[in-house]
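Trainee:
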Amino acid sequence: MRRKLAAGNWKMNGTQAALAELATLAARPAAGCDVLICPPATLLSRAADAAGTAIALGGQDCHAATSGAHTGDISAAMLADAGASHVITGHSERRSDHGESDAMVKAKSEAAMAAGLTVVLCLGEDLDQREAGTTLAVIGAQLAGSLPAGATGDTLVVAYEPVWAIGTGLTPTLDQIAEVHAFLRAELTGHLGAPAADIRLLYGGSVKPSNAAEIFAVDDVDGALVGGASLKAADFGAIIDALDAA
Ligand code: PEP
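Numbering-wise, my numbering puts 231 at position 231 of the sequence shown, and it's gapless, one number per residue.
(1) Tell me the DSSP bridge mates of residue 201?
(2) Just to confirm my understanding: we take residue 205, look at its own chain, exclude 5 residues before and 5 after, and list those with CB closer than 7 Å. What are they?
(3) Opposite residue 8 in the DSSP bridges: which residues?
(4) Skipping 5 residues on each side, what residues in its chain have a beta carbon closer than 7 Å to that of residue 80?
(5) Just mark residue 104 as buried or exposed, buried being the case when its beta carbon has 16 or more other beta carbons within 10 Å.
(6) Alpha carbon to alpha carbon, how far is residue 143 from residue 187? Give it in angstroms, no decimals.
(7) Apart from the five residues on each side of it in sequence, which residues of its chain come closer than 6 Å, Cβ to Cβ, to residue 237?
(8) In the DSSP assignment, find the unbroken beta strand (DSSP E) run with residue 57 in it and report its ends.
(9) Confirm the yes/no value for this check: CB of residue 193, any heavy atom of the ligand PEP, distance under 7 Å.
(10) Which same chain residues, not among the five before or five after residue 185, have their C-beta less than 6 Å away from its C-beta?
(11) Could you name the residues that DSSP lists as bridge partners for residue 118?
(12) Leaving out the 5 sequence neighbours to the left and right, which residues in its chain are closer than 6 Å to residue 36 when beta-carbon positions are compared?
(13) What residue from 214, 1 and 65 has the CA that sits closest to residue 77's CA?
(14) Classify residue 113: buried if its beta carbon has 16 or more other beta carbons within 10 angstroms, exposed otherwise.
(15) Helix, strand or coil for residue 210? Go by DSSP, reduced to three states.
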């Protein structure tokens, strides 16, 4: 049985004042699903105090190396040391802003697993690929190229995030989400065998309180990776409630 997961990605948003939102979230009645917030790395240590035990924390990226001459980068062990249990890898903004390839994402994901972090691996097609009908081919190739070796349900979460839906207010149809999630489950099974059944599949891209319930009712959607709507405790709390009710 896969435990549902509501994951928030604050991206490059938030200074210390934002921790009040985290504290508000932590003060809510215990959720029946897992809750994860990935704040900017600068806030991780203090977020650990605000989040208590109710909310897991994650980084938004890590370097593939354990340490060394990589100015400005953060290793997986540093994230863990600061209080993170998870890390996002392969987010489309990392792929586009920093030219991250599937091979780099795989190396980062394996470094994260080696440091004891659970990886939230992001995949998704852009609008041209969706319109050209190559969505499944693109996602299959991303998964094959970036899947960390030896992943299990304890060490890996996969997030389907259509690039054209991130931060745009656009979402795929429910049938399109179902098609990709069924495809991902089958591909994961092909790569990993039986352990694939335990890997949670998140949908991400313009999830908000008003559309969360219908998305969470889709087969093989085990939760969401949420950007903008994770910044406010009221919005993210409503999404958590929708996931609990699904
Ligand atoms: C994201 O950045 O992972 C994301 C899904 O953003 P948003 O919810 O704002 O579309």
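We treat Cβ as the ideally placed atom computed from N, Cα and C, and that holds for glycine.
Mentor: Concretely, from the data shown:
(1) Beta-bridge pairing by DSSP links residue 201 to 158.
(2) Sequence-distant partners of residue 205 (beyond 5 residues in either direction) whose C-beta falls short of 7 Å from its own C-beta, in its chain, are 161, 162, 165, 166 and 171.
(3) Per DSSP, 37 and 226.
(4) Cβ within range, chain order: 115, 116 and 117.
(5) Classification for residue 104: buried.
(6) For residue 187 and residue 143, the distance between alpha carbons rounds to 8 Å.
(7) Contacts found: 28.
(8) Per DSSP, residue 57 belongs to the beta strand (DSSP E) from 56-59.
(9) Not so, every heavy atom of the ligand PEP lies at least 7 Å from the Cβ.
(10) Within the same chain, residue 185 has close Cβ partners 220.
(11) The partner list for residue 118 (beta bridge, DSSP) reads 86.
(12) These residues qualify, in order along the chain: 7, 56, 58 and 86.
(13) When C-alpha distances from residue 77 are compared across 214, 1 and 65, the shortest belongs to 65.
(14) That one is buried.
(15) Helix.
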